[in-house]
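Enquirer:
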Amino acid sequence: MSRPLPPARGISEAWVEVLEAMNAEPDGTATNVMVTIPAPSSADQVAVRRVLDEELRKRGNHEVSTVANTLFPSAFYMPPDFAWSPELPQAQVDELDAAASSLYAEYLEILPLLTRVQANKGGTYFSRMIAWPGKVGPGTNQLHERVTYLRSELTHGRRTSNASDLVIAGDGEGVGIQEYAATDRRTRGFPCLVHIDLSVHKGTLALTAIYRHWHLITRAYGNMLGLARLQEFMCQQTGLAVGELVVIAGYANAEHSEYGGRSGVTALLERARALPDTPEDETAAA
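Residue numbers (the numbering used here): 168 to 453.
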(Lines of atoms letter the chains of each structure in order from A and count residues from 1; the text may use other names and numbers.)
(Lines give C-alpha, C1' and ligand atoms only; values in the text may rest on other atoms or scores of the structure.)
Protein backbone atom coordinates (compact mmCIF):
# COMPACT_ATOMS: atom_id res chain seq x y z
CA MET A 1 0.00 0.00 0.00
CA SER A 2 1.33 3.46 -0.88
CA ARG A 3 2.38 5.74 1.97
CA PRO A 4 2.17 9.46 1.15
CA LEU A 5 3.33 11.42 4.19
CA PRO A 6 1.97 14.87 5.16
CA PRO A 7 3.88 17.80 3.61
CA ALA A 8 6.91 18.81 5.68
CA ARG A 9 8.16 22.33 6.40
CA GLY A 10 11.77 21.46 5.63
CA ILE A 11 14.34 18.72 5.15
CA SER A 12 14.85 18.05 8.85
CA GLU A 13 11.13 17.69 9.50
CA ALA A 14 10.70 15.49 6.43
CA TRP A 15 13.54 13.22 7.54
CA VAL A 16 12.23 12.88 11.11
CA GLU A 17 8.70 12.15 9.94
CA VAL A 18 9.55 9.53 7.32
CA LEU A 19 11.97 7.77 9.66
CA GLU A 20 9.39 7.81 12.45
CA ALA A 21 6.72 6.39 10.14
CA MET A 22 8.95 3.56 8.91
CA ASN A 23 10.25 2.85 12.41
CA ALA A 24 6.65 2.14 13.44
CA GLU A 25 6.32 -0.57 10.79
CA PRO A 26 6.79 -4.14 12.09
CA ASP A 27 10.00 -4.68 10.11
CA GLY A 28 10.93 -1.01 9.70
CA THR A 29 10.12 -0.96 5.99
CA ALA A 30 7.33 -0.02 3.60
CA THR A 31 6.78 0.29 -0.14
CA ASN A 32 5.81 3.28 -2.28
CA VAL A 33 6.60 5.93 0.31
CA MET A 34 6.25 9.57 -0.76
CA VAL A 35 7.82 12.57 1.00
CA THR A 36 6.87 16.13 0.01
CA ILE A 37 8.56 19.41 0.96
CA PRO A 38 6.51 22.29 -0.52
CA ALA A 39 9.19 24.94 0.13
CA PRO A 40 12.59 23.20 0.29
CA SER A 41 15.77 25.00 1.28
CA SER A 42 19.32 23.75 1.72
CA ALA A 43 19.54 26.10 4.74
CA ASP A 44 17.68 23.90 7.19
CA GLN A 45 17.85 22.83 10.83
CA VAL A 46 21.57 22.18 11.15
CA ALA A 47 21.18 20.97 14.74
CA VAL A 48 19.21 17.94 13.52
CA ARG A 49 21.97 17.21 11.02
CA ARG A 50 24.56 17.33 13.80
CA VAL A 51 22.66 14.67 15.76
CA LEU A 52 22.47 12.46 12.68
CA ASP A 53 26.12 13.07 11.78
CA GLU A 54 27.17 11.98 15.26
CA GLU A 55 25.27 8.71 14.80
CA LEU A 56 26.70 8.18 11.31
CA ARG A 57 30.28 8.78 12.46
CA LYS A 58 29.80 6.36 15.32
CA ARG A 59 28.86 3.65 12.79
CA GLY A 60 31.67 4.53 10.38
CA ASN A 61 29.29 5.87 7.74
CA HIS A 62 29.50 9.01 5.61
CA GLU A 63 28.21 12.25 7.10
CA VAL A 64 25.21 14.06 5.63
CA SER A 65 27.33 16.53 3.65
CA THR A 66 29.28 13.74 1.94
CA VAL A 67 26.07 12.03 0.81
CA ALA A 68 24.66 15.38 -0.38
CA ASN A 69 27.78 15.97 -2.47
CA THR A 70 27.07 12.86 -4.54
CA LEU A 71 24.03 14.72 -5.90
CA PHE A 72 25.36 18.26 -5.93
CA PRO A 73 28.96 19.12 -4.92
CA SER A 74 28.22 22.65 -3.72
CA ALA A 75 31.87 23.43 -2.89
CA PHE A 76 32.57 23.59 -6.65
CA TYR A 77 29.78 26.05 -7.43
CA MET A 78 30.40 29.73 -6.78
CA PRO A 79 27.04 31.29 -7.64
CA PRO A 80 26.63 34.93 -8.62
CA ASP A 81 24.13 36.93 -6.58
CA PHE A 82 21.52 36.98 -9.36
CA ALA A 83 19.48 34.52 -11.41
CA TRP A 84 19.04 34.14 -15.15
CA SER A 85 16.19 35.90 -16.93
CA PRO A 86 15.43 36.57 -20.61
CA GLU A 87 16.26 40.25 -20.02
CA LEU A 88 19.59 39.64 -18.28
CA PRO A 89 22.54 41.52 -19.85
CA GLN A 90 24.87 39.21 -21.77
CA ALA A 91 27.77 39.91 -19.41
CA GLN A 92 25.75 38.50 -16.51
CA VAL A 93 24.56 35.55 -18.58
CA ASP A 94 28.21 34.82 -19.28
CA GLU A 95 28.96 35.01 -15.55
CA LEU A 96 26.23 32.49 -14.75
CA ASP A 97 27.41 30.19 -17.53
CA ALA A 98 31.02 30.44 -16.33
CA ALA A 99 30.00 29.45 -12.79
CA ALA A 100 28.20 26.37 -14.12
CA SER A 101 31.04 25.47 -16.49
CA SER A 102 33.55 25.72 -13.66
CA LEU A 103 31.39 23.40 -11.54
CA TYR A 104 31.28 20.80 -14.30
CA ALA A 105 34.99 21.05 -15.14
CA GLU A 106 36.23 20.88 -11.55
CA TYR A 107 34.07 17.86 -10.80
CA LEU A 108 35.22 15.98 -13.89
CA GLU A 109 38.83 16.67 -12.89
CA ILE A 110 38.36 14.68 -9.68
CA LEU A 111 36.12 11.99 -11.22
CA PRO A 112 39.01 9.57 -11.94
CA LEU A 113 39.91 9.74 -8.25
CA LEU A 114 36.30 9.20 -7.17
CA THR A 115 35.83 6.18 -9.43
CA ARG A 116 38.75 4.41 -7.76
CA VAL A 117 36.38 3.84 -4.85
CA GLN A 118 34.50 0.57 -5.35
CA ALA A 119 31.10 2.17 -4.70
CA ASN A 120 31.77 4.72 -7.45
CA LYS A 121 33.22 2.43 -10.11
CA GLY A 122 30.17 3.00 -12.31
CA GLY A 123 30.29 6.76 -11.76
CA THR A 124 28.54 8.98 -9.23
CA TYR A 125 25.07 10.47 -9.40
CA PHE A 126 26.48 13.87 -10.29
CA SER A 127 28.87 12.49 -12.91
CA ARG A 128 25.91 10.82 -14.63
CA MET A 129 24.15 14.18 -14.66
CA ILE A 130 27.03 16.05 -16.31
CA ALA A 131 28.83 13.34 -18.32
CA TRP A 132 26.34 10.56 -19.06
CA PRO A 133 26.83 7.63 -18.70
CA GLY A 134 29.18 8.93 -16.01
CA LYS A 135 32.07 6.49 -15.67
CA VAL A 136 34.50 8.90 -17.29
CA GLY A 137 34.20 12.29 -18.93
CA PRO A 138 33.35 13.66 -21.33
CA GLY A 139 29.77 12.58 -21.99
CA THR A 140 26.31 14.03 -22.33
CA ASN A 141 25.89 16.96 -19.94
CA GLN A 142 22.26 16.51 -18.96
CA LEU A 143 22.21 19.54 -16.66
CA HIS A 144 23.51 21.86 -19.38
CA GLU A 145 20.95 20.50 -21.84
CA ARG A 146 18.09 20.95 -19.36
CA VAL A 147 19.17 24.51 -18.50
CA THR A 148 19.39 25.39 -22.20
CA TYR A 149 15.95 23.90 -22.86
CA LEU A 150 14.27 25.65 -19.93
CA ARG A 151 15.84 29.00 -20.80
CA SER A 152 14.51 28.62 -24.34
CA GLU A 153 11.04 27.85 -23.03
CA LEU A 154 11.05 30.96 -20.84
CA THR A 155 12.46 33.14 -23.61
CA HIS A 156 9.48 32.14 -25.74
CA GLY A 157 7.02 32.88 -22.93
CA ARG A 158 6.28 29.26 -22.01
CA ARG A 159 6.24 29.06 -18.22
CA THR A 160 4.44 25.71 -17.91
CA SER A 161 5.53 22.30 -19.22
CA ASN A 162 3.20 19.35 -19.56
CA ALA A 163 4.29 16.45 -17.34
CA SER A 164 4.20 14.10 -20.33
CA ASP A 165 6.99 16.15 -21.89
CA LEU A 166 9.29 15.26 -19.02
CA VAL A 167 9.26 11.47 -19.27
CA ILE A 168 12.60 10.17 -20.56
CA ALA A 169 13.67 6.95 -22.25
CA GLY A 170 16.66 4.77 -21.52
CA ASP A 171 19.06 6.93 -23.48
CA GLY A 172 18.14 10.08 -21.61
CA GLU A 173 15.86 12.21 -23.77
CA GLY A 174 13.47 14.86 -22.51
CA VAL A 175 13.73 17.14 -19.51
CA GLY A 176 14.21 14.59 -16.76
CA ILE A 177 17.65 13.52 -15.56
CA GLN A 178 18.69 9.97 -16.36
CA GLU A 179 20.49 8.01 -13.63
CA TYR A 180 20.75 4.53 -15.14
CA ALA A 181 20.23 2.93 -18.53
CA ALA A 182 16.99 1.09 -19.27
CA THR A 183 19.14 -1.79 -20.53
CA ASP A 184 20.84 -2.17 -17.13
CA ARG A 185 20.09 -5.66 -15.77
CA ARG A 186 22.10 -5.53 -12.56
CA THR A 187 20.43 -6.88 -9.43
CA ARG A 188 23.32 -5.88 -7.14
CA GLY A 189 25.32 -2.67 -7.10
CA PHE A 190 22.34 -0.97 -8.70
CA PRO A 191 21.89 2.81 -8.27
CA CYS A 192 19.30 3.52 -5.57
CA LEU A 193 18.32 6.77 -7.31
CA VAL A 194 16.94 5.91 -10.73
CA HIS A 195 15.35 9.11 -12.05
CA ILE A 196 14.93 12.83 -11.39
CA ASP A 197 11.95 14.57 -12.94
CA LEU A 198 11.82 18.34 -13.48
CA SER A 199 8.32 19.79 -13.84
CA VAL A 200 7.65 23.44 -14.62
CA HIS A 201 4.31 25.00 -13.71
CA LYS A 202 3.55 28.73 -13.80
CA GLY A 203 7.21 29.68 -13.59
CA THR A 204 8.00 27.27 -10.74
CA LEU A 205 10.36 24.28 -10.95
CA ALA A 206 9.33 21.19 -8.99
CA LEU A 207 11.73 18.29 -8.58
CA THR A 208 10.71 14.67 -8.07
CA ALA A 209 13.30 11.98 -7.32
CA ILE A 210 12.55 8.27 -7.68
CA TYR A 211 14.48 5.89 -5.43
CA ARG A 212 14.51 2.14 -5.82
CA HIS A 213 15.72 1.56 -2.26
CA TRP A 214 15.91 4.43 0.25
CA HIS A 215 18.14 4.00 3.30
CA LEU A 216 16.54 6.40 5.76
CA ILE A 217 19.39 6.88 8.23
CA THR A 218 22.50 6.28 6.16
CA ARG A 219 21.42 8.32 3.13
CA ALA A 220 17.96 9.94 3.19
CA TYR A 221 18.85 13.27 4.81
CA GLY A 222 21.90 13.72 2.60
CA ASN A 223 19.84 12.74 -0.44
CA MET A 224 17.23 15.41 0.26
CA LEU A 225 19.88 18.04 1.00
CA GLY A 226 21.69 17.28 -2.26
CA LEU A 227 18.43 17.35 -4.22
CA ALA A 228 17.52 20.72 -2.68
CA ARG A 229 20.92 22.11 -3.71
CA LEU A 230 20.47 20.74 -7.23
CA GLN A 231 17.02 22.30 -7.42
CA GLU A 232 18.36 25.68 -6.26
CA PHE A 233 21.11 25.48 -8.89
CA MET A 234 18.62 24.73 -11.66
CA CYS A 235 16.39 27.59 -10.54
CA GLN A 236 19.23 30.11 -10.46
CA GLN A 237 20.43 29.01 -13.88
CA THR A 238 16.94 29.24 -15.42
CA GLY A 239 15.25 32.02 -13.45
CA LEU A 240 12.47 29.71 -12.29
CA ALA A 241 11.15 29.83 -8.73
CA VAL A 242 11.85 26.92 -6.39
CA GLY A 243 8.83 24.61 -6.24
CA GLU A 244 8.12 21.53 -4.21
CA LEU A 245 10.63 18.73 -3.68
CA VAL A 246 9.20 15.21 -3.76
CA VAL A 247 10.91 11.89 -3.09
CA ILE A 248 9.19 8.63 -3.98
CA ALA A 249 10.77 5.47 -2.62
CA GLY A 250 9.82 2.08 -4.01
CA TYR A 251 11.17 0.60 -0.78
CA ALA A 252 11.95 2.70 2.31
CA ASN A 253 14.05 1.17 5.07
CA ALA A 254 14.52 2.45 8.64
CA GLU A 255 17.63 0.24 8.86
CA HIS A 256 16.77 -1.54 12.09
CA SER A 257 19.51 -4.13 11.63
CA GLU A 258 22.24 -1.48 11.29
CA TYR A 259 21.13 0.99 13.97
CA GLY A 260 20.13 -1.00 17.04
CA GLY A 261 16.64 -2.10 16.08
CA ARG A 262 13.46 -0.14 16.71
CA SER A 263 14.71 1.04 20.09
CA GLY A 264 17.96 2.37 18.62
CA VAL A 265 16.12 4.28 15.90
CA THR A 266 13.64 5.59 18.48
CA ALA A 267 16.51 6.92 20.59
CA LEU A 268 17.94 8.72 17.55
CA LEU A 269 14.55 10.25 16.79
CA GLU A 270 14.12 11.39 20.38
CA ARG A 271 17.46 13.20 20.27
CA ALA A 272 16.47 14.89 17.01
CA ARG A 273 13.01 15.90 18.25
CA ALA A 274 14.45 17.38 21.45
CA LEU A 275 16.20 20.13 19.48
CA PRO A 276 14.81 23.68 19.10
CA ASP A 277 12.43 24.05 16.15
CA THR A 278 14.41 26.84 14.50
CA PRO A 279 16.42 26.93 11.26
CA GLU A 280 20.12 27.66 11.42
CA ASP A 281 22.72 28.99 9.02
CA GLU A 282 23.88 26.07 6.86
CA THR A 283 27.46 27.32 6.88
CA ALA A 284 27.65 26.60 10.59
CA ALA A 285 27.71 22.88 9.82
CA ALA A 286 29.95 22.96 6.78
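Where is the CB? At the ideal position from N, CA and C, for every residue including glycine.
No experiment lies behind these values; they were computed from the predicted model shown.
Specify, as a first and last residue, the run of the alpha helix (DSSP H) that Ile297 falls within.
Expert: For this step, residue 297 is matched to residue 130 along the sequence shown. Note, Ile297: alpha helix (DSSP H), Tyr292 to Ile297.
Enquirer: Can you tell me whether Ala419 is buried or exposed? The criterion is at least 16 other CB atoms within 10 Å of its CB, across all chains shown.
Expert: Within the sequence shown, numbered from 1, the residue matching residue 419 stands at position 252. That one is buried.
Enquirer: Alpha carbon to alpha carbon, what distance is there between Glu425 and Leu435?
Expert: Residue mapping note: residue 435 aligns to position 268 of the sequence shown, counting from 1. Residue mapping note: residue 425 aligns to position 258 of the sequence shown, counting from 1. Answer to the nearest angstrom: the Cα atoms are 13 Å apart.
Enquirer: Do you know offhand how far Ala410's Cα is from Thr198's?
Expert: Position 243 of the sequence shown, counting from 1, holds the residue named residue 410. Position 31 of the sequence shown, counting from 1, holds the residue named residue 198. One point to set straight first is that residue 410 is Gly, not Ala, in the sequence displayed. Going from the Cα of Gly410 to the Cα of Thr198 covers about 25 Å.
Enquirer: Within the same chain, show all residues whose beta-carbon is closer than 6 Å to that of Gly177, passing over the 5 residues directly before and after it, in chain order.
Expert: Position 10 of the sequence shown, counted from the first residue, corresponds to residue 177. Hits under 6 Å: Asp211.
Enquirer: In the DSSP assignment, the alpha helix (DSSP H) including Ser252 goes from what residue to what residue?
Expert: Counting from 1 along the sequence shown, the entry for residue 252 is found at position 85. Neither: Ser252 is in no alpha helix (DSSP H) and is coded neither H nor E.
Enquirer: Closest to Leu219 by C-alpha separation, out of Val231, Asn236 and Gly227, would be which residue?
Expert: In the sequence shown, residue 219 corresponds to position 52, counting from 1. Residue Val231 is the option with its Cα nearest to Leu219.
Enquirer: Are at least three pairs of beta-carbons, each pair with one atom in the region 183-190 and one in the region 362-378, less than 8 Å apart?
Expert: No: the two stretches stay apart, fewer than three of their Cβ pairs being nearer than 8 Å.
Enquirer: Among Cys359, Tyr316, His423 and Asp248, which residue has its Cα nearest to the Cα of Leu365?
Expert: The residue labelled residue 365 in the question sits at position 198 within the sequence shown. Nearest of Cys359, Tyr316, His423 and Asp248 to Leu365, Cα basis: Tyr316.
Enquirer: Counting beta carbon pairs with one atom in the region 394-412 and one in the region 214-229, are three or more of them shorter than 8 Å?
Expert: Contact fails: fewer than three Cβ-Cβ distances are below 8 Å.
Enquirer: Kindly list the residues whose CB is nearer than 7 Å to the CB of Asn287, restricted to its own chain and excluding five residues on each side of it in sequence; keep chain order.
Expert: Here residue 287 is taken as the residue at index 120 of the sequence shown, counted from 1. Excluding residues within five positions, the ones whose Cβ falls inside 7 Å are Leu281.
Enquirer: Which residue marks the beginning of the alpha helix (DSSP H) containing Thr315, and which one marks its end?
Expert: The residue labelled residue 315 in the question sits at position 148 within the sequence shown. Looking at the DSSP string, the run of the alpha helix (DSSP H) that includes Thr315 is Gln309 to Thr322.
Enquirer: Give the DSSP-derived three-state secondary structure of Ile384 in the structure shown.
Expert: Here residue 384 corresponds to residue number 217 of the sequence shown, with the count starting at 1. In the structure shown, Ile384 sits in coil (DSSP, three-state: anything other than H, G, I, E or B).
Enquirer: Measure from the alpha carbon of Pro207 to the alpha carbon of each residue in Arg217, Leu392 and Ala191, then state which is nearest.
Expert: Here residue 207 corresponds to residue number 40 of the sequence shown, with the count starting at 1. Measuring from the Cα of Pro207, the nearest candidate turns out to be Leu392.
Enquirer: In chain order, what residues of the same chain lie with their CB nearer than 8 Å to the CB of Ala188, ignoring the 5 residues before and after it?
Expert: Your numbering for residue 188 matches position 21 in the sequence shown. Arg170, Leu172, Ala197 and Val200.
Enquirer: Please list the segments of the beta strand (DSSP E) lying wholly inside the region 378-426, counting only runs of 3 or more residues, in order along the chain.
Expert: Runs of the beta strand (DSSP E) inside the region 378-426: 408-420.
Enquirer: Here's a check: name, in chain order, each residue in its chain whose Cβ is nearer than 7 Å to the Cβ of Glu447, leaving out the five neighbours to either side.
Expert: Position 280 of the sequence shown, counting from 1, holds the residue named residue 447. Reliability fails at Glu447, whose pLDDT of 46 lies under 50, so the model's placement of it is uncertain and the value that follows must be treated cautiously. The residues are Gln212, Val213 and Ala214.
Enquirer: Within the same chain, show all residues whose beta-carbon is closer than 7 Å to that of Arg318, passing over the 5 residues directly before and after it, in chain order.
Expert: As a first step, residue 318 must be located in the sequence shown, where it is residue number 151. Once the five neighbours on either side are set aside, the close Cβ partners of Arg318 are Trp251 and Thr405.
Enquirer: Comparing C-alpha positions only, which one of Ser430, Met401, Arg438 and Val432 sits nearest to Leu238?
Expert: Numbered from its first residue, the sequence shown carries residue 238 at position 71. Measuring from the Cα of Leu238, the nearest candidate turns out to be Met401.
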